[in-house]
Amino acid sequence: MLIFLYLHQSHCVCKNLLKAKMEVDLCEQTDEVMVLSEIFGNKLFEFDEKHSKGQISNTIELNGSTIKIGVSKRSINDNHEREILLSKDLDHIPPISLVFEFPANYPSVSMPKFSLSCLWLNSKQILLLEEHLESLWNENKGSVILFNWITFLQNEVLEFLDFEKEIIIEEKDVSSLFNTPLKFIQELESYDVSWKEGIFHESLFTCNICFQDKFGKECVQFKGCDHVYCKICMRSYFETKIQEGSESGIVCPTHECSVEALPTQIKELVSEKLYSDYENGLIEMSLRGMSDVIRCPMRHCRVPTIIDIKSNSGECPSCRFVFCSNCLCTFHGLNPCKVPLAKQRELMDKYNNADDEERKKMEKIYSQKFLLESQNAILCHDLIKDISMNCPNCFSAIQKSEGCNKMFCTKCSTNFCYICGTKLFASNPYAHFSDVRSPCANLLFDFINNEADFEVPL
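Note that UniProt numbering numbers the sequence shown so that position 224 is 224, with each residue one more than the last.
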């Protein structure tokens, strides 16, 4: 009976000791989680208290320098030489993710269950890191270990894997997660860009226009020159430049800086209509720089069309209109362009004011014969305009040789005034000259003020 009581008391003591030890372990786990949450924040450190599970993905310190990361493949003769397929210099690389679970007797007896994952490490390298984390636990058994693990993964992992200068991954290790090495590098580059944006958004900058201090999330930074302006100033600047009809991309407002704003930066700050105007302006600028592309002359179409330089013709890919690239009218083969008189005047003014090189170029496009005919057509038109008047009905040119100012068009049988061009009533065409309200009253015949023109009979 005494032995039974002794064993029962011993069991109770052990049970109480075990319970007390578990309470101490739980207290240490709680303290560790609280400290890590304070250090790394909720974005990097996650913990599920109900299941005693957590995850941390802290950044890897590069000490302010860049690191080259690339993809290679072994040479065909397998002589341990590597051919670099793609590489990129990065300021930030994706972290090594640590997933852990606390056993009930951690940290007094057991270490946390854990696993590692990382975009740029293969399974062999992951295994090496996991073994090293176990060795760190063995060195510090009985104490909380997560902070030691995180410190190693953040500050010492590159040196441990001999990746201090560059990280080269074999193509076969990339293919399991990404279809091509290019997509792998793009994923790493995307992480680098997003991390830089995060730092920028949380930093304070002075706008170079209004000189107010604002956080990066309220600012725009030009890529290439790193000049920073607040979004309010940039919105006004972008809108003004687009409304002015900028002939090229919108450049940084800093004096003598030629870095252009990204389309995404402009689109974020201006209205849809203004951004559409900006895009159309860039397209027009590009088209003007292409000697073999012009817009379809049809007003309802205006689609960019490739020109055949040899035949000076183009066929619109949308409406199928075939046109001459010189006169923009229906294609006329080898026949000269039928250019309106106003256009002929414009061409001849340009030709007469051009230097020898420009004249030769125009003669090649329009031919010397066409330019000469245009010159004659202009002279004839001006002469006819000076010595004749157009019929108000059929617009035929009519010249008065003598007689009164009541004219009769033999082409359409219309009576009209040669002074003002008014169409006259056929029943009484002379009423126009006898009506006192008419500007041509009493001007049926031209008044001659030169007495020498009269012959006085003796």
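All residues carry an ideal CB built from backbone N, CA and C; glycine is no exception.
How big is the Cα-Cα spacing for residue i and residue j?
i	j	result
M143	F152	Residue identity differs from the one stated: residue 143 is Ser in this sequence, not Met. Those two C-alpha atoms are separated by around 16 angstroms.
N155	V174	24 angstroms
S291	T305	11 angstroms
I185	L121	14 angstroms
L158	L128	12 angstroms
Y106	V99	16 angstroms
E170	G70	9 angstroms
V293	S325	10 angstroms
V24	F178	46 angstroms
L458	S374	Reliability of the predicted coordinates at L458 is poor, the pLDDT of 43 falling under 50, and no value is obtained from them.
S203	G216	6 angstroms
S37	E101	16 angstroms
L274	R295	22 angstroms
I167	C230	38 angstroms
S194	F211	27 angstroms
C118	I126	8 angstroms
I419	I387	12 angstroms
E451	L443	In this predicted model, E451 has a pLDDT of only 46, less than 50, meaning its place in the structure is not dependable enough to derive any value.
Y430	A441	10 angstroms
V436	T410	29 angstroms
V300	E315	The residue asked about is misnamed: residue 300 is His in this sequence, not Val. For H300 and E315, the distance between alpha carbons rounds to 15 angstroms.
Please work out which residues of its chain come closer than 8 angstroms, Cβ to Cβ, to residue i, disregarding the five sequence neighbours upstream and downstream, and give them in chain order.
i	result
P297	F321, F323, L328, C329
D446	N405
V270	R235, F238, E239, I242, Y278
P392	T414, F416, G421, T422, K423
S313	I307, V322, F323, C324, S325, F331
Please name the residue, chosen from the options, that lies closest to residue i on a Cα-to-Cα basis.
i	options	result
Q55	L116, G70, L86	L116
L282	E260, C301, P340	E260
T30	L128, T254, S65, L146	L146
K214	S311, H201, K223	H201
residue 481	S57, K172, F163, R82	Because the chain here runs from 1 to 458, residue 481 falls outside it and cannot be looked at.
E218	R299, C225, T206	T206
R302	N280, K231, S311	N280
E197	F211, D226, N208	D226
M22	G64, V109, N63, R299	V109
K113	C233, F45, C319, H51	H51
K338	T410, F370, L443	F370
Q368	N353, M348, D382	M348
I232	Y366, P336, Q265, E315	Q265
S87	I67, P103, W137	I67
E268	E131, E256, V220, V33	V220
G289	L372, E363, S248, E357	S248
L136	K124, S123, M111	M111
Assign residue i to buried or exposed, taking buried as 16 or more other Cβ atoms, counted over all protein chains shown, within 10 Å of its Cβ.
i	result
P317	exposed
M407	buried
L90	buried
M389	buried
C27	exposed
L188	buried
V35	exposed
F395	exposed
C319	exposed
residue 485	Residue 485 lies beyond the residue range present for the chain, which begins at 1 and ends at 458; the question has no answer from this structure.
D48	exposed
Excluding the five sequence neighbours on either side, which residues of its own chain have a C-beta within less than 7 angstroms of the C-beta of residue i, listed in chain order?
i	result
L85	V71, S72, K73, E171, P181
I384	A397
residue 468	Beyond the ends of the chain as shown, which are 1 and 458, falls residue 468; an answer cannot be given.
H332	C324
R359	Y351
Determine, using beta carbons only, whether residue i comes closer than 8 angstroms to chain B.
i	result
A342	The chain labelled as chain B is not found in the depicted structure, where only one protein chain is given.
For residue i, which residues from the same chain have a beta carbon less than 6 angstroms from its beta carbon, with the 5 sequence-adjacent residues on both sides left out?
i	result
L133	W149
G224	V259
Stretch-stretch touch, CB-based, cutoff 8 angstroms, three pairs: the segment 377-392 with the segment 336-348: yes
The segment 58-66 touching the segment 87-94, judged by at least three CB pairs closer than 8 angstroms: yes
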